[in-house]
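Below: the structure, in structure tokens.
Number of protein chains: 2
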Amino acid sequence: MSNIDTMSVNAIRVLVADAVQKANSGHPGLPLGSAAMAYELWAKHMKHNPTNPTWADRDRFILSGGHGSTLLYSLLHLFGYENLSIEELANFRQWGSLTPGHPEYGHTVGVEATTGPLGAGMAMAVGMAMAESHLAAIFNKEDFPIVDHYTYVLGGDGCMMEGISSEAFSLAGTLGLSKLIVLYDSNKITIEGSTDIAFTENVQKRFEAYGFQTLVVEDGNNLEEISVALEAAKADKERPTMIIVKTQIGYGCPAKQGKSSAHGEPLGVENVVSLKDNLGWPKHDPFYVPEEVYANYKKNAEKNVILEASWNVMFADYCTKFPKMKALWEKYHDENAAEKLIDEEAFWIYDEKAEATRNLSGIIINKIKEFLPNFIGGSADLAPSTKTYMKDEGDYSKENYAGRNLHFGVRELSMAAIGNGMMLHGGLQVYVSTFFVFSDYVKPMARLSALMNIPLTYVFTHDSIGVGEDGPTHEPIEQLAMLRAMPNFSIFRPADGTETAAAWYYAISNKKTPTGLALSRQNLPQLPGSSKEALKGGYIISASKKEQPDAILMASGSEVELAIKAQEVLLQEGMDVRVVSVPCMDLFEQQSAEYKESIMPKAVTKRVAIEAGTDFGWGRYVGLQGAYVSMNGFGASAPEKILFDKFGFTVNNVVETVKSL
Amino acid sequence: MSNIDTMSVNAIRVLVADAVQKANSGHPGLPLGSAAMAYELWAKHMKHNPTNPTWADRDRFILSGGHGSTLLYSLLHLFGYENLSIEELANFRQWGSLTPGHPEYGHTVGVEATTGPLGAGMAMAVGMAMAESHLAAIFNKEDFPIVDHYTYVLGGDGCMMEGISSEAFSLAGTLGLSKLIVLYDSNKITIEGSTDIAFTENVQKRFEAYGFQTLVVEDGNNLEEISVALEAAKADKERPTMIIVKTQIGYGCPAKQGKSSAHGEPLGVENVVSLKDNLGWPKHDPFYVPEEVYANYKKNAEKNVILEASWNVMFADYCTKFPKMKALWEKYHDENAAEKLIDEEAFWIYDEKAEATRNLSGIIINKIKEFLPNFIGGSADLAPSTKTYMKDEGDYSKENYAGRNLHFGVRELSMAAIGNGMMLHGGLQVYVSTFFVFSDYVKPMARLSALMNIPLTYVFTHDSIGVGEDGPTHEPIEQLAMLRAMPNFSIFRPADGTETAAAWYYAISNKKTPTGLALSRQNLPQLPGSSKEALKGGYIISASKKEQPDAILMASGSEVELAIKAQEVLLQEGMDVRVVSVPCMDLFEQQSAEYKESIMPKAVTKRVAIEAGTDFGWGRYVGLQGAYVSMNGFGASAPEKILFDKFGFTVNNVVETVKSL
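Here the protein sequences come in this chain order: A and B.
Number 419 in the numbering used here belongs to position 419 of the first sequence; there are no gaps in the numbering.
Positions in the second sequence are counted from 1; adding 1000 to them yields the numbering used here.
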């Protein structure tokens, strides 16, 4: 290990210690322990170009242990990534800085994924490696490996304990994702103490069971040993690799290293000094890095500039030699492609016969796949029920990475994270799918989609007590409210084919918001009043005779039909009501005050919301004078028609509720 | 294998096939494949008394693959469990029957846990085994093993794929829960096809890595082989055991066995006939079971009646010999014990100094532990932050099952399921804990708590942007709405010590509802107006001068202080407002219309809700004329005071918002 390499590793440690100390908040433990492996990887093995952080064929790196963000920020700074100045490091965890407490995708250049919830980065890395393998299978030609990069992910004991990573790694092993390389920062310390209290499993053996190559670096500060392991990892063409790197949490700080207290608080002013002394650092000044260290980082970065330049040459040749593939590449990377569907008449018109919206969604998926070649997705072992299978597009597998149908197994949480990872990789439009009630499992990763502005699509079917016989464990009640409440997530509950098309159109054409589709198991009629207006989130689907109605009925999904039937009866009884379909509350909220007033005039205080779920969240529209036809408890096991009847979703009950106001 | 045993196994298969066919809905695949192991276990190994299904020392059995509910219903019927008549089996999946689509705890006698979401039963079983080990450590005396039973859990490939079971089994291995016995119904088939498409891992090796004894039954229909494995499982005193039982999905039905189509739909009338023929069943009549089969089940049940009788004798001797332990046992099993706290003055009075509600909760936990000896709990590796550690009560571990502090590791989802399992076992009052933002991970199992009416307590700390520097991944926004929206779950967000005490009091004294506590990281002042009225969910914490106020300010948690400060300023400016503290919306909803009207009179339409989270769900109280001071997006990384200021949680903003109405 050369002196300059050692100094370069220690530069990371010094910046980490200084940044956390200055902020008086943060997590020095992981970065101090894993500085050596990170340096060796980024300086000697990883293909990344600081002058072009979005180079399509770069290696991806995810810091799954996101609390160790200063590790990533220090690397970005030292390698000369634009914007990540020393001032930003000194502004760690402050309002408006590029260095928030946890790495945030879209906020800081060079951050490939938002991490913090442990294990999530591991699963997103699996998704990235899947995306790479798929795109490689589609695009690479002999002598033109234009998609050919590794995905590296670094995390600690917490990431290994979380179930999400178990799910994802089991799938990664099945799929033989040989370009996925996991660096396990094994320091045997967690917040509550030694890992012995809750985590004595043999992690290496577990990964062998998944089908990984497993390697061990006994000394996490030995760059040579780390390098050998990384070479062995890259050399395996059949299996993903997990490298156990044995480290000491808080390494370099005599008073803290190897202790839980190194994890999540500043080292203390005196300990920062002793760390610098201990590492033989030339000065005590905060954020001081010697010029020769910067020079060393620069030298290592420059190799990569050359790498990208030669890739550019290869890619240009490829485009010349394979003009159809060039066109396809451009289609894959055209973010505006889906917008053209707005004018495709066939996309918007559906048979008049009654049909479950899950079936309609299946039809739409099979239309979209023709339109968007980069459309890819699958289900957590429910495709026959969620109707998410794309005909004639093959199954993505170790034997066929070109397949467009993904099989996640019974693993909802990691499915969503993998979907995020595939979208983060770039080049693909991804959907994932499960039963709506299991959106509960998906939620933590749907939140990351929303936080990262990733337009991943979630196809949720079996959206209410319409599930019927499977009973309360399978009947969503509060899931619509749960997802409506989340910022930057649009959940649609379409009432028929046209609204289902609107939901899908929004899902694939918007660029910043994940979308969920809550779809029925049971048949629903095609409604005469439905239209593209559904894209406004709420609209008049069946008007009153008078301009100002006597009352407003509002509903989503299967209950819109019920509202319209009640409207007819009420008219016969002398009440002239308006029916508002609200397929997407989130989009309705984004409309102008004028539009909202035009749909739900404040002067009309007789308002009833009808939904086969909790009414939580409808109060904003129902007001203090209105009423609800909704579910106040969990469902039951019986045929669906009986359930709708028993729980009060009948024309008579709606009519009586309106009249009671 | 005797003929009567074979017939008894086939009786299960016949009932399964008939019940699913009659319902024209259900899942025959798992029950047909696992009938033999279930029979052998229940008839020859398991300690259970059909005449007293709640015998404290019975072995527990959980069907983790809950879709195979007819397996469990058939066993309960054949063993003569009260109420589970043949008519109930014939009423499978119908309104009002005791045989819903998935097994429901509290609904059907003999069902130990509600299952359906795959993997959950596995984790609940781990919790049950933990409860058994703890109670055994507390109560057993030499020659008096009054707590001495096994926990059996049966599930398939889906249960093995879910991350929740990976988490729970890793912990079970660490803890050496030797009385946990997992039956893995390995049939290599999932809904989308062969497990090869998504699940080729070596499950046995994975369990070895966790520290389990692993056994293989090559022929899942060989009762002898199953029996030998069960004996070996029970004999291991150091490790939990996982038995891989190789089966064929849909066994016995020639047209379906070994196929995905056997999983989730009726076999078909003709296939039910051919199944009966194939199994050599004497009659084709639906639900026909020969008398000698019933007699065989009865004989096997009677052994258990004797077992319980002798346990009763032992327990009576124990009570005589150890009167203090008898008294302790009664305390552990006194469901009303916590109610006495309502009159314990010291429980309700807190220092006037400002304090974080998480710290106050920590103080309260350490009071409760003295009051309730069966109070036990812990955190997903965050106890130092969530303040959930009970002083001087030891750490629950393989070496010390008597410890009362649980260490779950970084495993939020399984933590909640394990908490459920411990509560289901009986005898314990359990709490679990993590950061509030990670309630997202916990949600699927919190739903099961609610569905099962289990008063498990969830301690969620770091309840808002008050998290500060950790940033948006760690700042809850929509989590209050998510949990408020769920039926039968009470989420409290207390404003000070008194309200925190109220939340804890409700959590441990109510018998049917899980409770969540959303607690602050930052200090909050003790409010003069707070009181036990908090138990009504919403109450006037700071009155207006006039009886009918000019406006109502409503808030929870840290924003109640802000509301009171704004009230003062508004009064100076000529507006006389009322401040309503809403620590628990769910409880407020349960109050009478009169009470709600007295707190929030409809005549007052100027209403502002203040909460450092989404305002989703407040509309019910704010109405069409009101306004919100809330969060419309995700948070940011900065010191908390800056965040509250930047996001508008200032006296000035509240005052202006009220005045704008």
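By construction, the Cβ of each residue, glycine as well, lies at the ideal position given by its N, Cα and C atoms.
Just so you know, these numbers come straight off a predicted model, no measurement behind them.
With a cut-off of 9 Å, does the C-beta of B:Leu-953 fall near any C-beta of chain A?
No information on residue 953 of chain B is available, as it lies outside the stretch 1001 to 1661 that chain B covers here.
B:Gly-1026 to B:Glu-1412, Cα distance in whole Å?
31 Å
Looking at the C-beta of B:Lys-1646, does it have a partner C-beta in chain A at a distance below 9 Å?
yes
If we count the other Cβ atoms within 10 Å of its Cβ and call it buried at 16 or more, is A:Val-305 buried or exposed?
exposed
Return the first residue and the last residue of the alpha helix (DSSP H) that B:Phe-1644 is part of.
1640 to 1646
Residues of the stretch 165 to 195 of chain A whose Cβ lies closer than 7 Å to any Cβ of chain B, in chain order
Ser-166, Glu-167, Ser-170, Leu-171, Gly-173, Thr-174, Thr-190, Ile-191 and Glu-192
Which runs of the beta strand (DSSP E), 3 residues or longer, sit entirely within the stretch 1036 to 1071 of chain B?
1060 to 1063
Which of the three DSSP states, helix, strand or coil, is assigned to A:Met-422?
helix
Which same chain residues, not among the five before or five after B:Asn-1091, have their C-beta less than 7 Å away from its C-beta?
Ser-1097 and Thr-1099
Taking Cβ positions only, does B:Ala-1383 come closer than 9 Å to chain A?
yes
Can you give, in chain order, each stretch of the alpha helix (DSSP H) that sits fully within the stretch 1436 to 1515 of chain B and has at least 4 residues?
1439 to 1452, 1479 to 1484 and 1497 to 1509
Quick check on DSSP: helix, strand or coil for A:Tyr-294?
helix
Note down the Cα distance separating A:Ala-123 from A:Asp-196, rounded to an integer number of angstroms.
25 Å
Would you call the stretch 1159 to 1176 of chain B in contact with the stretch 177 to 186 of chain A, where contact means no fewer than 3 C-beta pairs closer than 8 Å?
no
Could you pull out every residue in the same chain whose Cβ sits closer than 7 Å to the Cβ of B:Trp-1281, ignoring the five residues on either side in sequence?
Asn-1010 and Val-1014
Simplified DSSP state of B:Val-1126, which is helix, strand or coil
helix
Rounded to the nearest angstrom, what separates A:Met-554 and A:Ala-609 at their Cα positions?
5 Å
How would you list, in chain order, the residues of chain C whose beta-carbon sits under 9 Å from the beta-carbon of B:Thr-1114?
The structure shown has no chain C; the protein chains it does contain are A and B.
What residues in the stretch 68 to 102 of chain A bring their beta carbon closer than 7 Å to a beta carbon of chain B?
Arg-93, Gln-94, Trp-95, Pro-100, Gly-101 and His-102
C-beta atoms of B:Val-1182 and B:Tyr-1150 nearer than 9 Å
no
Exposed or buried, what is A:Ser-660 when buried is set at 16 or more other beta-carbons lying within 10 Å of its beta-carbon?
exposed
Is A:Glu-355 helix, strand or coil when you go by DSSP?
strand
Assuming B:Pro-1455 and B:Pro-1514 form a contact by the criterion Cβ under 8 Å, report the distance between their Cβ atoms to the nearest whole angstrom.
6 Å
Neighbourhood of B:Ser-1186 by C-beta distance below 6 Å, restricted to the same chain and skipping five residues each side
Ile-1244 and Lys-1246
Mind listing the chain B neighbours of A:Asp-395? Cutoff is C-beta to C-beta under 8 Å, in chain order.
Ile-1197
For A:Asp-392, count neighbouring C-beta atoms within 10 Å of its own C-beta (all shown protein chains included) and say buried if the count is 16 or more, exposed if not.
exposed
Tell me whether A:Gln-591 sits in a helix, a strand or coil according to DSSP, three-state version.
coil
Just the C-alpha distance for B:Gly-1427 and B:Tyr-1332, rounded to the nearest angstrom, thanks.
5 Å
A:Thr-214 lies in the beta strand (DSSP E); which residues open and close that run?
213 to 217
Once the 5 residues before and after A:Glu-311 are set aside, which same chain residues still bring their CB inside 6 Å of it?
The sequence given here places Trp at residue 311 of chain A; Glu does not occur at that position. Closer than 6 Å at the Cβ level, and outside the excluded window around A:Trp-311, lie Asp-57.
In the DSSP assignment, find the alpha helix (DSSP H) that holds A:Ile-164 and state where it starts and stops.
163 to 175
Could you compute how far the alpha carbon of A:Ala-481 sits from the alpha carbon of B:Ala-1038?
40 Å
Under 9 Å, do A:Ser-8 and A:Leu-78 count as touching if we go by C-beta distance?
yes
What residue from B:Asp-1005, B:Asn-1278, B:Gln-1572 and B:Ser-1630 has the CA that sits closest to B:Leu-1662's CA?
Any question about residue 1662 of chain B goes unanswered here, given that chain B covers just 1001 to 1661.
Which residues in the same chain as A:Val-655 place their Cβ atom closer than 8 Å to its Cβ, once the five residues preceding and following it in sequence are excluded?
Ala-566, Val-569, Leu-570 and Glu-573
Counting contacts by CB-CB distance shorter than 9 Å, is A:Gly-211 in contact with chain B?
yes
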